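What follows is one structure encoded as structure tokens, with my remarks underneath.
Residue numbers (the working numbering): 19 to 426.
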């Protein structure tokens, strides 16, 4: 099936999906925004995204995708686990949201062609989000760097937490670097994206995003080293600069990494380990063990879980954990089997970043930026659509004089 030119409305749909996954929790904003208003905006964005995707794909042409199939199974499991209402009626609402989210991704799959189209949409949308963060920092430094978050950067116009900002910055930095190495972006436009994003990432003091960026880029560029001279040069310079920075700025890097925390607080991952232990030792019925307690707010006893695997275990059981592991393994295996290319490198970066972040961030089992990252990876790993051959016209007889001229 030929996908043809990707309509501009697809970029609008992707932007609405990004808006939906921004969430409504975070620091106090310069202009107070009621949480109900934020939730209305984000949910309205998802409904609009689904409607636009349906309008532009009325014939319901979709591409076969193991990733989306497993995500659909996770949706079915979420409904099964939520109908018991252990997590309240909010669980069914979250299932409805996830259904619209997955349905929109299916509708957009028609335009997956292994090219950088969705990568560019991803970068543009999250760059716009980071633009609001930078604007808040300029307008009100006190609100953007509050003492409540230890002086870490937050969203002053839209309630964004430091881990969220760090995640968005790290992802677009990595993707832009890869586009630059693949000659899909010029140095000026790449610098406009990378330099401000690095500054914002540094101000968030987000360790997970930084490690995910560094490890993800190392794996992605490593996949290009044998076929790209630019990747080899970048890798060499990165190692040299990293070694110099590690020696010359060791104390500053250590202070940034520790964020002023005590050794005990750091070893317990800022208190996460205590929540994880309490969740794992809590008694569960066989049904809860297999199917979970239904979609919730990714918390346990009022405290955030901050681990994708344990959040899925709590809400969708061990079956849900198996499905999440399955779509990560499928994407990773397909990426490894593809020949070296820019698309493969970008997919490896996104998959590895999500896998690393899953240890200290929740989101792989519900509508979230992490599922958008993985969707971009799936679009990059899709085989280009083959155009259908043009129908042959009616055969006409060739005049004898034409045959004679062909022989001559």
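All C-beta atoms in this analysis are idealised placements derived from N, C-alpha and C, irrespective of residue type, glycine included.
This one's a predicted model, so the numbers in the text were calculated from it and none came from an experiment.
Open item on the list: Closer than 8 Å is the cut-off here; do at least three beta carbon pairs connect the segment 71 to 80 with the segment 114 to 131?
Closed with: The answer is yes - the segment 114 to 131 touches the segment 71 to 80, with three or more Cβ pairs under 8 Å.
Open item on the list: Less than 7 Å between the beta carbons of residue 399 and residue 343, yes or no?
Closed with: Residue 399 is not a Cβ neighbour of residue 343, given a cutoff of 7 Å.
Open item on the list: Taking a contact to mean a Cβ-Cβ separation below 7 Å, would you say residue 129 touches residue 24 in this structure?
Closed with: When the beta-carbon positions are compared, residue 129 and residue 24 come within less than 7 Å of each other.
TODO: Would you kindly work out how many angstroms separate the C-alpha atoms of residue 39 and residue 254, rounded to a whole number?
DONE: Taking the straight line joining both Cα atoms gives about 37 Å.
- [ ] Assign residue 303 to one of two classes, buried (16 or more other C-beta atoms within 10 Å of its C-beta) or exposed (fewer than that).
- [x] Residue 303 should be labelled exposed.
Task: N- and C-terminal bounds of the alpha helix (DSSP H) containing residue 306 - done: Note, residue 306: alpha helix (DSSP H), 304 to 309.
- [ ] Write down the C-beta distance between residue 183 and residue 151 rounded to the nearest angstrom, noting that I regard them as a contact closer than 8 Å.
- [x] Contact annotation, residue 183 with residue 151: C-beta distance approximately 6 Å; criterion of less than 8 Å satisfied.
Open item on the list: I need the straight-line Cα distance from residue 238 to residue 107, nearest angstrom please.
Closed with: Cα to Cα, residue 238 sits roughly 42 Å from residue 107.
- [ ] On a CA-only basis, which of 338, 339, 244 and 364 is nearest residue 350? Give me that one, please.
- [x] It is 364 whose Cα lies nearest to the Cα of residue 350.
TODO: Using three-state DSSP, classify residue 402 as helix, strand or coil.
DONE: Residue 402 falls in the coil class under three-state DSSP.
Open item on the list: Report the CB separation of residue 371 from residue 188 in whole angstroms; it is logged as a contact under 8 Å.
Closed with: Indeed they touch by this definition, with Cβ atoms about 7 Å apart.
Open item on the list: Starting from residue 60, trace the alpha helix (DSSP H) in both directions and tell me its first and last residue.
Closed with: Residues 53 to 74.
Open item on the list: For residue 294 and residue 328, which I take to be in contact (beta-carbon distance under 8 Å), what is that distance rounded to the nearest angstrom?
Closed with: Indeed, because the Cβ distance is near 6 Å, the residues count as touching under 8 Å.
TODO: Look at the alpha carbon of residue 81 and the alpha carbon of residue 390, and state the distance between them as a whole number of angstroms.
DONE: Taking the straight line from one Cα to the other gives about 17 Å.
TODO: Would you please state the rounded distance, in angstroms, between the beta carbons of residue 265 and residue 85? I believe it to be under 8 Å.
DONE: Contact between residue 265 and residue 85 does not hold, since their C-beta atoms are separated by about 42 Å, which reaches or exceeds 8 Å.
Open item on the list: With H, G and I counted as helix, E and B as strand and the rest as coil, what does DSSP make of residue 318?
Closed with: The three-state secondary structure of residue 318, taken from DSSP, is strand.
Task: Member of 66, 226 and 299 whose CA lies at the smallest distance from the CA of residue 374 - done: The option with the nearest alpha carbon to residue 374 is 226.
Open item on the list: At the level of alpha carbons, what is the spacing between residue 163 and residue 171?
Closed with: Between residue 163 and residue 171, the C-alpha separation is close to 5 Å.
Task: For residue 346 and residue 369, believed in contact at Cβ under 8 Å, the rounded distance - done: The pair is a contact, with the Cβ atoms about 7 Å apart (cut-off 8 Å).
Open item on the list: Quick check: what's the CA-CA separation for residue 59 versus residue 93?
Closed with: Cα to Cα, residue 59 sits roughly 23 Å from residue 93.
Task: CA nearest to the CA of residue 45, picked from 228, 177 and 338 - done: Looking at the Cα atoms, 177 is the closest of the given residues.
- [ ] With a threshold of 16 other CB atoms inside 10 Å of the CB of residue 213, please say whether the residue is buried or exposed.
- [x] Exposed, since its Cβ has fewer than 16 Cβ neighbours within 10 Å.
- [ ] Run the proximity test for residue 234: is its beta-carbon closer than 6 Å to any non-hydrogen atom belonging to the ligand NAP?
- [x] In the structure on display, the ligand NAP does not appear, and there are no ligands present to speak of.
- [ ] Work out the CA separation of residue 208 and residue 240 for me, nearest whole Å.
- [x] So the alpha carbons of these two residues sit roughly 20 Å apart.
Task: Residues of its chain near residue 186, where Cβ-Cβ distance is below 7 Å and the 5 sequence neighbours each way are ignored - done: The beta carbon of residue 186 sits closer than 7 Å to the beta carbons of 144, 147 and 148 from its chain, once the five residues preceding and following it are set aside; these are given in chain order.
Open item on the list: Please return the same chain residues whose Cβ sits closer than 6 Å to the Cβ of residue 53, not counting the five positions on each side in sequence.
Closed with: In chain order, 42 place their CB closer than 6 Å to the CB of residue 53, counting only its own chain and leaving out the 5 sequence neighbours on each side.
- [ ] Leaving out five residues on either side along the sequence, give the residues of the same chain with a beta carbon under 7 Å from the beta carbon of residue 30.
- [x] Contacts found: 70.
Open item on the list: Just verifying my parser: in three-state terms, what is the DSSP assignment at residue 333?
Closed with: Residue 333: helix per DSSP, three-state reduction.
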